[in-house]
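When the letters of the sequence shown are read in order and numbered with my numbering, they come out as residues 69 to 422.
What follows is a short report on a single structure.
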Amino acid sequence: MPNLKPLRTIFGLYGFAGFIAAKMPLIRRQLCSRAAREAIRRAANRENEEMACVVYHYPCIDGAFAALAAHLYHSLLGLPVVFLPNSTIDPLRAEDFDCKKFHTCYLLDFVGPNEFAIRLSEIVKQVVVLDHHKTAFDCLQLVEGCDANIFSVIDMNKSGATVAYEYFTQKLGYENQLKVDQQCRRTLVAAQNLDRVELLFRYVEDADLWRWSLPDSKAFSVGLNIGRPNLNVIVNPYMFDQLLKLDPATLITYGNMGLENQKKLVQSLLDKAFKIHLGGGKFGKCLAVRADAHFNLRSELGNKLSVRSSLQGLRAIGAVIYEQRGKIKISLRTTDDSIDTTEISTAYGGGGHP
Numbered sequence: 069m070p071n072l073k074p075l076r077t078i079f080g081l082y083g084f085a086g087f088i089a090a091k092m093p094l095i096r097r098q099l100c101s102r103a104a105r106e107a108i109r110r111a112a113n114r115e116n117e118e119m120a121c122v123v124y125h126y127p128c129i130d131g132a133f134a135a136l137a138a139h140l141y142h143s144l145l146g147l148p149v150v151f152l153p154n155s156t157i158d159p160l161r162a163e164d165f166d167c168k169k170f171h172t173c174y175l176l177d178f179v180g181p182n183e184f185a186i187r188l189s190e191i192v193k194q195v196v197v198l199d200h201h202k203t204a205f206d207c208l209q210l211v212e213g214c215d216a217n218i219f220s221v222i223d224m225n226k227s228g229a230t231v232a233y234e235y236f237t238q239k240l241g242y243e244n245q246l247k248v249d250q251q252c253r254r255t256l257v258a259a260q261n262l263d264r265v266e267l268l269f270r271y272v273e274d275a276d277l278w279r280w281s282l283p284d285s286k287a288f289s290v291g292l293n294i295g296r297p298n299l300n301v302i303v304n305p306y307m308f309d310q311l312l313k314l315d316p317a318t319l320i321t322y323g324n325m326g327l328e329n330q331k332k333l334v335q336s337l338l339d340k341a342f343k344i345h346l347g348g349g350k351f352g353k354c355l356a357v358r359a360d361a362h363f364n365l366r367s368e369l370g371n372k373l374s375v376r377s378s379l380q381g382l383r384a385i386g387a388v389i390y391e392q393r394g395k396i397k398i399s400l401r402t403t404d405d406s407i408d409t410t411e412i413s414t415a416y417g418g419g420g421h422p
């Protein structure tokens, strides 16, 4: 069995944060959350069958690949499971899961708002958090030392996808130890595809943690953003198959063609940067840009803004502002190891990761 310990955490550099800065009136429930709640309702109608529930960070590439790891494990063993994309725009609530059907709920690449996991543990038999955000550790400190049925693997030196892939690989090995059949597969992916799929996970982590240490990593990231499928598995039931078929070399080729255009776009947005007062000045000042149609570039923009802010005598933070489904969101980035942007994001109900 994977070595699950409450609040096992490995700390690393912390430089990303995001939060919803201002709420606009929502006329109706968001599509993603409505679809997820409908999936829970369908699960409740299944007779005499308990199942696992996998809730993953949406629409995040890292969250989708974390869900892919869970899918590979459950499909390989033929275990019943329901997958739910969870958006920070209209997040699922603990009471949404009160259908008496889930024996385990996995929270992948996110832990939810304050006390979400704790309230969820009162409804389902077990909650497993596989994450890499500092705020996940902070939230789960509330259960440290008590008998809550919440277990976590939180590693800030890895992406959420890698944490999930390693966890379910280890869990598969444990399950196979209980079987007499020595032909049981020891890996989540068949041998002929193993190297390619594991390389996909490494590239996803390299971009998510902003390392760019792998060859053509930025080209891969651009190509993945161009060629990625719809990451809502309820709306797109072929998502896992589509992710599994992705080829790093092909994505890098597409990415190299798109890199030059992206550089020009980033520069044009940076030219429109303006100064903002963080928390009305409580957290200092920094440069910001508005990037509604290009929020997928928030990491690139935020890091470059952080450098510019520092050169102008402001805090070394970059703020990328964008509207998403009726809400204004702000993503913060810093290139200064001494700055922890979560002091800002958590003040507004947000989170972040290395």
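Backbone N, C-alpha and C fix where the C-beta goes; we use that ideal spot for every residue, glycine too.
- Which of the three DSSP states, helix, strand or coil, is assigned to Gln392? DSSP places Gln392 in strand when its eight states are reduced to three.
- Task: Spell out the partners DSSP gives Ala120 in its beta bridges.
- Result: Per DSSP, Val149, Thr172.
- Query: Excluding five sequence neighbours on each side, which residues of the same chain lie with their C-beta closer than 8 Å to the C-beta of Ile344?
  - Reply: Closer than 8 Å at Cβ, skipping near neighbours: Lys353, Cys354, Leu355, Ala356, Ala387.
- Query: Between Ser101 and Phe178, what straight-line distance do the alpha-carbon atoms span, to the nearest angstrom?
  - Reply: Distance between the alpha carbons of Ser101 and Phe178 is about 15 Å.
- Using a threshold of 8 Å, state whether the C-beta atoms of Phe308 and His139 are closer than that. Closer than 8 Å, so yes.
- Tell me whether Ala361 is buried or exposed, calling it buried when 16 or more other Cβ atoms sit within 10 Å of its Cβ. Classification of Ala361: exposed, given that the 10 Å Cβ count is below 16.
- Query: When the distance is taken between beta carbons, is Lys226 closer than 8 Å to Glu273?
  - Reply: Yes, these two residues count as a Cβ contact at 8 Å.
- Query: Would the beta-carbon of Leu145 fall within 8 Å of that of Glu243?
  - Reply: Going by C-beta atoms, Leu145 is nearer than 8 Å to Glu243.
- Query: Taking the C-alpha atoms as reference points, what is the distance between Phe363 and Glu115?
  - Reply: Computed Cα separation, rounded: 43 Å.
- For the candidate residues Val197, Ala204, Ala341, whose alpha-carbon lies nearest to that of Gln380? For the residues Val197, Ala204, Ala341, the minimum Cα distance to Gln380 belongs to Ala341.
- Message: Quick check on this structure: which residue in His200, Gly131, Ala111, Gln392 has the alpha carbon closest to the alpha carbon of Cys167?
- Response: With distances taken between Cα atoms, Cys167 lies closest to Ala111.
- Task: Out of Arg105, Cys207, Asn217, Tyr141, state which residue places its alpha-carbon closest to the alpha-carbon of Glu163.
- Result: Comparing alpha-carbon positions, the option among Arg105, Cys207, Asn217, Tyr141 lying closest to Glu163 turns out to be Arg105.
- Do Glu117 and Pro148 have their CB atoms nearer than 8 Å? The beta carbons of Glu117 and Pro148 sit closer together than 8 Å.
- Query: Looking only at DSSP bridge pairs, what is His345 linked to?
  - Reply: Answer by DSSP bridge pairing, in chain order: Lys353.
- Query: CB-CB under 8 Å to Gly241, same chain, minus the five flanking residues each way: which ones, in chain order?
  - Reply: Excluding residues within five positions, the ones whose Cβ falls inside 8 Å are Arg254.
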